[in-house]
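S.K.: Residue numbers (my numbering): 3 to 315. C-beta atoms are modelled at their ideal positions from N, C-alpha and C, and glycine is treated no differently. Questions regarding the structure given below will be posed in turn.
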């Protein structure tokens with residue numbers, strides 16, 4: 003049963019060559035893990051080691067557009083509490099960043115002039131200020147890095163201008179942290195800052211519905227059959243598109259959400275079913291092109307590296 007959790011008012015600043023058709027045929031159904039990983043074994047063995055997770059962006063050319071990178075991210079990044087259909091992550095924001103995650107999907111409930119982090123009706127026991135503090139502390143310690151952040155209204159229905167006013171207050175209290183221009187920056191421009199992807203009309207930044215973003219997020223997947231026949235082919239097709247996009251063109255950032263759920267397929271089960279397919283794909287394809295943002299549930303110390311290693315082929 004869904005319950006509403008009411009947070010207290012925030013107290014301020016506290017703190018990667020197979021064709022897609024061949025690959026999908028090779029990895030269809032129950033044979034995906036053996037087929038996908040077997041194909042990729044020789045490829046991955048020849049790859050150089052990627053740098054450590056905390057400073058991997060610092061090893062890249064600062065003139066590179068963010069849209070030319072392979073960037074691991076988390077879906078519903080703050081959703082640690084509520085279990086079952088609600089929980090999407092096992093660790094908080096700071097450990098995610100330490101593990102190499104560089105995109106955060108942040109869902110904000112507007113309440114009493116502040117943003118409480120929610121997944122649906124469930125308050126996640128942190129406020130937006132806590133998220134910004136974690137980002138600021140990480141970027142201060144690792145100034146070569148950047149964090150991309152989706153900001154979305156969740157479990158509140160205030161008008162965009164009111165939501166934007168609250169966001170502007172945070173921007174004033176965290177000066178110089180947020181990059182809110184409606185363009186895709188180069189890595190050097192964004193280093194040390196949070197690049198806002200604005201999923202709300204009142205929030206400045208790269209608009210979630212703009213031509214600058216190409217998003218695959220087929221999240222309402224109710225069964226394993228749906229995941230096999232619809233979700234996974236869509237993910238593979240979108241990763242193909244990201245890899246094929248003209249190199250050097252900064253005008254489109256691809257985001258591929260591997261996450262999904264439904265009443266008969268909860269987030270953890272969906273992740274456990276699709277991630278071997280994703281890693282099979284990543285091991286099988288030529289790791290010389292951008293992947294864009296690859297967004298996942300239940301990240302850990304190894305999953306982010308499976309994505310960002312593409313930057314070091």
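Enumerate in chain order the residues of its own chain whose CB-to-CB distance from residue 89 is below 7 Å, with the five nearest sequence positions on each side excluded.
M.R.: On the chain shown, position 87 is the one that residue 89 refers to. Counting only Cβ-Cβ distances below 7 Å, and skipping sequence neighbours, we find 81, 82, 83 and 269.
S.K.: Please confirm whether any heavy atom of the ligand FMN lies closer than 7 Å to the CB of residue 75.
M.R.: Inclusion of the ligand FMN in the displayed structure is not the case, the ligand content being empty and no account of it being possible.
S.K.: Please identify the residue among 69, 256, 251 and 227 whose C-alpha is closest to the C-alpha of residue 239.
M.R.: Taking the chain shown and counting its residues from 1, one reaches residue 239 at position 237. Closest by alpha carbon: 256.
S.K.: By a C-beta neighbour count over all protein chains shown, 10 Å radius and 16 as the cutoff for buried, is residue 51 buried or exposed?
M.R.: Locating residue 51 in the chain shown gives position 49, where the first residue counts as 1. When all chains shown are included, residue 51 counts as exposed.
S.K.: Tell me the DSSP secondary structure of residue 198 in three-state form.
M.R.: Counting from 1 along the chain shown, the entry for residue 198 is found at position 196. DSSP places residue 198 in strand when its eight states are reduced to three.
S.K.: State the start and end residues of the unbroken alpha helix (DSSP H) segment that holds residue 127.
M.R.: The residue given as residue 127 occupies position 125 in the chain shown. Looking at the DSSP string, residue 127 is not in any alpha helix (DSSP H); the run it does join, the beta strand (DSSP E), is 124 to 129.
S.K.: Which residues share a DSSP beta bridge with residue 154?
M.R.: Your numbering for residue 154 matches position 152 in the chain shown. According to DSSP, residue 154 bridges with 109 and 201.
S.K.: Examine the Cβ distances between the region 135 to 145 and the region 96 to 111 and report whether three or more of them are shorter than 8 Å.
M.R.: A contact exists between the region 135 to 145 and the region 96 to 111.
S.K.: Helix or strand or just coil, what does DSSP make of residue 257?
M.R.: Residue 257 sits at position 255 when you count from the first residue of the chain shown. Reduced to three states, the DSSP call for residue 257 is strand.
S.K.: Answer yes or no: do residue 226 and residue 263 have a C-beta to C-beta separation smaller than 8 Å?
M.R.: For the purposes of this step, residue 226 is taken as residue 224 along the chain shown, with counting starting at 1. For the purposes of this step, residue 263 is taken as residue 261 along the chain shown, with counting starting at 1. For residue 226 and residue 263, no; Cβs fall outside 8 Å.
S.K.: Do the CB positions of residue 184 and residue 209 come within less than 8 Å of each other?
M.R.: If you number the chain shown from 1, residue 184 lands on position 182. If you number the chain shown from 1, residue 209 lands on position 207. It is a contact, given that the beta carbons lie within the stated cut-off.
S.K.: Keeping to the same chain, check which residues put their C-beta closer than 7 Å to that of residue 244; ignore five residues upstream and five downstream.
M.R.: To locate residue 244, count along the chain shown from 1; it is residue 242. Only 256, 258, 292, 293 and 294 meet the Cβ criterion.
S.K.: Is it buried or exposed, residue 260, if we count other Cβ atoms within 10 angstroms and call 16 or more buried?
M.R.: Position 258 of the chain shown holds residue 260. Buried, by the Cβ-count rule.
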